[in-house]
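Below is one structure, written out as structure tokens, with a few remarks after it.
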Amino acid sequence: NTQDNKDYWLPDVGEQVEVLLDANGEDGVILGAVYSDVDKPPFSDKNIRGTRFADGAEYSYNRKTHTLIIRGGIEHIVIECGADVVLKTQKATIDAPETELTGDLRVRGKLIYEGGMAGSGGEGVTATIHGNIEIKGNVHATGSMLSDGENSSHHSH
3 NTQDNKDYWL PDVGEQVEVL LDANGEDGVI LGAVYSDVDK PPFSDKNIRG TRFADGAEYS
63 YNRKTHTLII RGGIEHIVIE CGADVVLKTQ KATIDAPETE LTGDLRVRGK LIYEGGMAGS
123 GGEGVTATIH GNIEIKGNVH ATGSMLSDGE NSSHHSH
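Written out as structure tokens, the structure is:
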């Protein structure tokens, strides 16, 4: 691809390639690289198309298992988009010791958390819940608890 779509994929210096020359041997093109006993294909499965880089990073797609893999040697992945990014799947798992979101987060389904919850807010009211709350356990508050504007922290029966 050199016209509308551009593809940049040059061989490494010293890589064995096939060359097509003109009749005078003055002008030519590289047809492609040649695998050898020294430079073996990165994948042996005929259903896999992929690239493995010198630093160990690779991406591959297996058309039989319908699996896209990106792994190894990668320090950063950057996805930039001028509009929206939509991820549609049956289940998405992020396996990371820490995950950070820098903007607002809207959860349209039920929010289920299993590892506890901690947070802090800005100024003024930092959390508002519309609807009923059921707590199965104790409530500990270090500040005032208000019910319809009245302090219920010191209420006793």
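Numbers given in this note's numbering equal positions in the sequence shown, counted from 1, plus 2. For every residue, glycine included, the Cβ atom is placed at its ideal position computed from N, Cα and C. This one's a predicted model, so the numbers in the text were calculated from it and none came from an experiment.
Three or more Cβ pairs closer than 8 angstroms define a contact, and the stretch 43-50 meets that threshold against the stretch 60-70. Counted as a single uninterrupted DSSP element, the stretch harbouring serine 154 is not any beta strand (DSSP E), since DSSP gives it neither H nor E. Per DSSP, valine 21 is one residue of the beta strand (DSSP E) stretching across 19-23. Look at valine 31 here: in three-state DSSP terms it is strand. Contact annotation: glycine 30 and valine 19 have beta-carbon atoms that are not nearer than 8 angstroms. When C-beta atoms of the stretch 80-91 are compared with those of the stretch 99-113, fewer than three pairs fall below 8 angstroms, so the two segments do not count as touching.
According to DSSP, residue pairing for leucine 70 in a beta bridge involves Tyr63.
Distance from glycine 75 to glycine 58 at the Cβ level is roughly 3 angstroms; contact confirmed, criterion being Cβ atoms closer than 8 angstroms. For isoleucine 50, the enclosing beta strand (DSSP E) has its first and last residue at 50-54.
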